[in-house]
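The sequence shown stops at residue 745 when you use this note's numbering, and every number in between is there.
Backbone N, C-alpha and C fix where the C-beta goes; we use that ideal spot for every residue, glycine too.
Computed from a prediction, not measured in an experiment: that's the story for all the values here.
See structure below.
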Amino acid sequence: MPQSRGRYRLSNGDYTENWLAACGLMNQCKNEGYRGPKCGCICRPGSYGEDCQYLHFRDYYGYYLPPCNREIVKEGIITSPNYPVFVLEDTWCVYKIKAPEHHRVKLRFENFHIGQDYLTCHDSFLEIRDQDLSNSTMECGRSITPGEEFISSEDELVLYLDVKNKRSRGFKASVQFVAKLEALASSISSRNIPSVYYHLSMYFIHMHSLLKAYHQSE
528 MPQSRGRYRL SNGDYTENWL AACGLMNQCK NEGYRGPKCG CICRPGSYGE DCQYLHFRDY
588 YGYYLPPCNR EIVKEGIITS PNYPVFVLED TWCVYKIKAP EHHRVKLRFE NFHIGQDYLT
648 CHDSFLEIRD QDLSNSTMEC GRSITPGEEF ISSEDELVLY LDVKNKRSRG FKASVQFVAK
708 LEALASSISS RNIPSVYYHL SMYFIHMHSL LKAYHQSE
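Structural data, given as structure tokens:
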């Protein structure tokens with residue numbers, strides 16, 4: 528069974544201070560890594576790199592994530608646990624969707640019903656996050672209509688499902704990977720996760736249309 532984070536850190540805490548003093552370094556190791564006796568970073572299982580700055584998602588988070596979490600790298604249908612039966616109370620899941628290189632994630636909902644309070648999402652919700660963690664939207668109640676699409680600005684989309692209301696039927700959605708140019712065209716009529724890249728893309732599409740119209744008029 529994997530070690531807990533607390534045990535992992537405590538088992539080496541007595542030595543780290545002495546090693547830092549001997550090396551004349553600060554502990555700049557990332558993701559709970561620590562300086563070892565040879566002055567290099569010793570990384571927690573699931574992290575790697577000179578400063579432990581990189582993560583293997585499954586290895587690093589696997590011990591803490593619930594059984595319903597998923598990593599999705601193929602197109603297909605995803606649903607909440609037990610769908611179409613009511614989601615159990617106190618269910619939370621993480622869905623990490625990763626598109627191939629030069630592609631984006633298109634998520635098309637067929638059904639959505641999470642919680643009752645669609646104004647505050649205080650008891651149950653589905654959060655849809657872009658690769659940039661500052662870009663997200665929180666959905667609840669029946670705020671997502673059948674056929675509604677969400678398109679990532681890059682190649683990754685993460686869903687956080689948190690259900691505390693026992694009257695939630697959950698969701699069903701299709702995952703599709705689309706080329707970046709195709710994603711730009713379709714995002715005009717979709718609820719794209721807001722991002723600077725998206726707004727710049729819309730600007731360039733607009734400028735391209737103006738230039739095309741100008742050349743046709745000559």
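- Measuring C-alpha to C-alpha distances from M665 to each of D682, H640, K557 and E559 identifies H640 as the nearest.
- By the neighbour-count criterion, in which a residue is buried when 16 or more other Cβ atoms sit within 10 angstroms of its Cβ, N596 is buried.
- When Cβ pairs closer than 8 Å are counted between the two stretches, the segment 564–579 is seen not to touch the segment 671–681, the count staying below three.
- Within the same chain, Cβ atoms closer than 6 Å to the Cβ of C568 are found at C556, G560, D578 and C579, the five residues on either side in sequence being excluded.
- Under the Cβ criterion (8 Å, minimum of three pairs), the segment 649–656 does not count as touching the segment 699–707.
- Residue V690 holds the alpha-carbon nearest to the alpha-carbon of V614 among V632, V690, V600 and V702.
- Within the segment 655–686, the runs of beta strand (DSSP E) that reach at least 3 residues and sit entirely inside it are, in chain order, 663–666 and 676–678.
- Going by C-alpha positions, T606 is about 10 Å away from R696.
- Secondary structure in the segment 557–633: the beta strand (DSSP E) runs of 3 residues or longer, each lying completely within the stretch, are 597–599, 603–606 and 618–625 in chain order.
- The distance from the Cβ of I599 to that of I624 is about 5 Å, consistent with a contact at the 8 Å cut-off.
- For Q703, the enclosing beta strand (DSSP E) begins and ends at G697 to A706.
- Inter-residue distance for L688 and K565 is about 43 Å (C-alpha atoms, whole angstroms).
- With fewer than 16 other Cβ atoms from the protein chains shown falling within 10 Å of its own Cβ, N609 counts as exposed.
- As DSSP reads the structure, R694 sits in no beta bridge.
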